[in-house]
Structures are given as structure tokens and as C-alpha cells.
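Taking it in order: structure first as C-alpha cells, then the write-up.
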Amino acid sequence: GGDGPVYRPPPPGGHETHLEHISSLPLVTPPGVFGFHENANLTKEMGETYTMMSELLLTAAQGGSSDGAGPDQVVGEIAVDVLARMPSPWSIDKVKAAYPTMYEESMNTVLAQELTRFNGLIKVIRSSLQDIQKAIKGLLLMSAALEGAFFEIFDGKTPAMWIKHSYPSLKPLGGYVNDLIERLKFFQGWIDHGTPVNFWFSGIYFQQAFTTGASQNFARRYRIPIDTLGFDFFFPKDQHPTVKPDDGVYAHGMFFEACKWNWDEWRIDESDPKVLAVSVPLIHLIPCKKDETRDFPHYECPCYKVSTRKGVLSTTGHSTNFVMPIRVPSDTSQDHWIKRGVAMLTSLDT
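Here is the structure:
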């Protein structure tokens, strides 16, 4: 299948004929044979390269060379830079006074919970960098965890002690810090200008709480038990709404992996060569009764936080990675996209 050569059984004949047939097959099997897109090759090779590089880093010596800057200087400069950009934690009480817990507006509760989670992360990042600065000056003894963070920062990786208190992320240090600053700006905008019209879905720490908040608002407004609700998904042609929808929420910021969005036909389509991820258009999530979801030609697209596409069940009963299935318009069978491995991601690896 696909654009590769045709694989078929060997022609009738003896041992020699079979060997000849086998030797005529290409040495490298094109991905089309397995129903994959040609980009699958790229993904595989990038994965192998990243693995090899991270293993090479393990073998690298920990000291600095005589002519280059040593780890102390490099890590010290990064710590100064990140601390300068990292805002102080929010005062949750002040925010709760402006956005009190209300029966009609569950998003106020979502906001307070999100800020509490981000505050924990900001505190860990600030204190670890301040401790590293003290350790570099010789004012503090480095613990094993802090030393681990020190060398991870030197290698350009996001420290494990941050990830432990963070939303899932596979980004390297620079990308992680930039992404975190953007998320904090989104929430600062929410505090300053009121509940957004269009939510940056990817910027939310715990997306399942956000979708529950949207369902809860709907359930309370129409007095429907929340456990009977699911979601319907619309992709409005107006991609820059200026007023909130009557029901549900507008969300943006996701990415398609292994397919693209066809802006002319308004459905998913085959990826362009060498383009591994593209932006998902604005989605209108509307809560509705599970038995009343509209039927249209679609692919039930799984949405994950990061590209590993695996997670563990957390104490809330939610996966640490899988967010929800999102139905997207498609004119091709489900099986086709499943073979292609099409999914939505809230965050890319870089």
C-alpha cells in the first residue's frame, strides 16, 4: 500500500526464485507499507537522534574546559536570567476576593485552583535557583537533588525537581521557561481583564478541571445532572471571536500530530511532507447530554498533553497525559487516521 513498492507473495518456483524475489525488495521498508505517512520516517529518526544525544551527554565530563566558561559561570548566568523573568507568586486571597466562588461561575474556582498550582511551581523554581546561586558562591552545601538540577541546567535540560511540581512537559530548559512565562501571562491577563472569551487550552495546568468547570456551568444553568453530560465540538469559521458563546467555551492552542487542517474543506487532511505538527483551529466545546451528541463524519481524535502519549492515573482518577477525545470533521474512515497515529497535543517537544 501507500507510495512504496508493492509487496506481494513470491512467484511460483523453487528456492532460487524465492531468494531472487526477496533480494528484489528494498532494504529500507517505506512507512507507506504499514499505513504510515512518509513523515513517520522523520519522527523515528529524530527520536533516535535525541536518544543518542542524551546518552552522549551522560558520557561527557562534568568539568569545564580551560578556554570555555565553566559550569558555575554558565549555570549562574542562566539562574540570573530566569529569576529576572519569573514573577512572584500570586496572592490567592486577593484573586479570590475579585473572583469569588460562585454557583453560576465555576471558572472562578478553576482560576483559583490553577493559580495555586502555578504558585507551587514558581516557588520551587525560584528557591532552587536561589539555592544554586548560593552554592556557586560557596554559601550553601549542594544536596543531591540540587546538584542534579545544576547539571541539568548546564546541559540545557529542564530540571527533574521542577518537572516533579510541574504540568507534563518535554521541552528543553529554554523552551520550558518561555512556555511557563507565556502561561503566567495568560493567567495574569485573566486576573486583570476578566474571564477570557477565548481560552488558551494549552496554557492551563490541569485541563480536566477546566473542562469540568465548563460542564458544571452548563449543568447548573439548565439543571441537568453533570454526570449525564459529554461534549460536542464545533470548529467555527470565525476564528477570532470577541464575545463569549452562550454555552460552552472557546479554546485554542492545541496541535495536530500526523495530520493537518484543511482550511478550504474545513476538515482534517494528510500532513504536508516534513511538517510534523500544525495548529488546531479554534474549537467551541459545548457541553450536551451524552445521548444527544450530534452525528457527523468525524475522527475521534485523542488529545494528550505531551507527545509521549502515555501517562499514569492520578489521584483524581484522570490520566496525567490523556485529556479527552475530541471529534474532528473528517471524510476518511477512523481506521485510516488511527493507523496514521493522529492525535492532538497541547504542547510540543521544543
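Residue numbers (our numbering): 70 to 419.
For every residue, glycine included, the Cβ atom is placed at its ideal position computed from N, Cα and C.
In terms of Cα proximity to Ser238, the closest of Ile260, Leu215 and Ile273 is Ile273. Within 10 angstroms of the beta-carbon of Gly116 lie fewer than 16 other beta-carbons, which makes it exposed. When the alpha-carbon of Arg289 is set against those of Phe325, Ser160 and Met176, the nearest one is in Met176. Trp269 has His321 as its beta-bridge partners, per DSSP. Beta-carbon to beta-carbon, Lys329 and Val344 are separated by about 7 Å, close enough to satisfy the 8 Å threshold. In this structure Asp418 is in contact with Lys240, their Cβ atoms being roughly 7 Å apart against a cut-off of 8 Å. Following the DSSP letters along the chain, one finds His84 inside the alpha helix (DSSP H) bounded by residues His84 to Ser93. Listed in chain order, the non-local C-beta contacts of Lys192 below 8 Å within the same chain comprise Pro158, local neighbours out to five positions each way being set aside. As a beta-bridge residue in DSSP terms, Ile337 pairs with Trp330. Ser284: member of the alpha helix (DSSP H) spanning Gln276 to Tyr291, first to last residue. Selection Phe103, Gly83, Pro294 and Arg396 evaluated against Ile337 yields Arg396 as nearest (Cα-Cα). From the listed residues Gln276, Lys113 and Met122, the smallest Cα separation to Glu183 is found for Gln276. Where Val179 is concerned, the enclosing alpha helix (DSSP H) starts and stops at Met176 to Ile205. With contacts defined as CB atoms closer than 8 Å, Ile250 and Arg186 fail to qualify as a contacting pair. Nearest to Ser93 by alpha-carbon distance, out of Thr112, Pro79 and Gly386, is Pro79. Secondary structure at Pro100: helix, using DSSP grouped into helix, strand and coil. For Leu345, the secondary structure class from DSSP, reduced to helix, strand or coil, is coil. With contact defined as three or more Cβ pairs closer than 8 Å, the segment 347-356 and the segment 377-392 are not in contact. Met393 sits away from Phe325, with the two beta carbons spaced by 8 Å or more. Secondary-structure assignment with DSSP links Met121 through no beta bridge to anything. Beta-bridge analysis with DSSP links Leu382 to Ser388.
Cβ neighbours of Val144 within its own chain (closer than 8 Å, five residues either side excluded): Ile201, Ile205, Phe219, Ile222 and Phe223. For Met413, the enclosing beta strand (DSSP E) has its first and last residue at Ala412 to Leu414. Taking 8 Å as the cut-off, the Cβ atoms of Leu190 and Ser235 count as close. Just measuring C-alpha positions, the residue of Met171, Ser123 and Lys163 sitting nearest Thr227 is Ser123. A distance of 8 Å or more separates the beta carbons of Arg409 and His87.
In this structure His321 does not touch Phe365 by the C-beta definition: roughly 21 Å separates them, more than the 8 Å allowed. Closest in alpha carbon position to Ile161, among Asn188, Pro140 and Gln142, is Asn188. Here the C-alpha atom of Glu369 lies approximately 15 Å from the C-alpha atom of Arg378.
The C-beta of Thr170 has fewer than 16 other C-beta atoms within 10 Å across all chains shown, which makes the residue exposed. Taking the CA atoms as reference points, Leu210 sits about 9 Å from Lys203. Contact check for Asp296 against Thr362 fails: the beta carbons are separated by 8 Å or more. Take the alpha-carbon of Ala148 and the one of Asp404: they are about 48 Å apart. Taken through DSSP and simplified to helix, strand or coil, Phe255 comes out as helix.
In this structure, the alpha-carbon of Val375 lies about 21 Å from that of Glu339.
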